[in-house]
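Chemist:
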């Protein structure tokens, strides 16, 4: 019975922390764009605005202004 005197406040504290953490995540924008990362996998890597695609397309020995072909 004495363990309940410790476990109940600890459980209430953990629930309060989880609720605070959830509201912090919502306020900091963690849930603003849920569809963006899911759709980004469908984008073409050769898109000139996509920085990773440009870096992957260039080889290290090739200058930036060299024609491709």
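In the working numbering, the protein residues as written are 8 to 76. Think of the CB as a built atom: it goes at the ideal place given N, C-alpha and C, for glycine as much as any other residue. No experiment lies behind these values; they were computed from the predicted model shown.
Rounded to a whole number of angstroms, what is the C-alpha to C-alpha distance between residue 28 and residue 35?
Modeler: As a position in the chain shown, residue 28 is number 21, starting the count at 1. As a position in the chain shown, residue 35 is number 28, starting the count at 1. Here the alpha carbons of residue 35 and residue 28 stand approximately 10 Å from one another.
Chemist: Please state if the CB of residue 45 and the CB of residue 38 are separated by a distance shorter than 8 Å.
Modeler: As a position in the chain shown, residue 38 is number 31, starting the count at 1. As a position in the chain shown, residue 45 is number 38, starting the count at 1. No, Cβ-Cβ distance for residue 38 and residue 45 is not below 8 Å.
Chemist: Taking just the CA atoms, how far does residue 17 sit from residue 50?
Modeler: As a first step, residue 50 is located in the chain shown; it is residue number 43 there, counting from the start. As a first step, residue 17 is located in the chain shown; it is residue number 10 there, counting from the start. Taking the straight line joining both Cα atoms gives about 47 Å.
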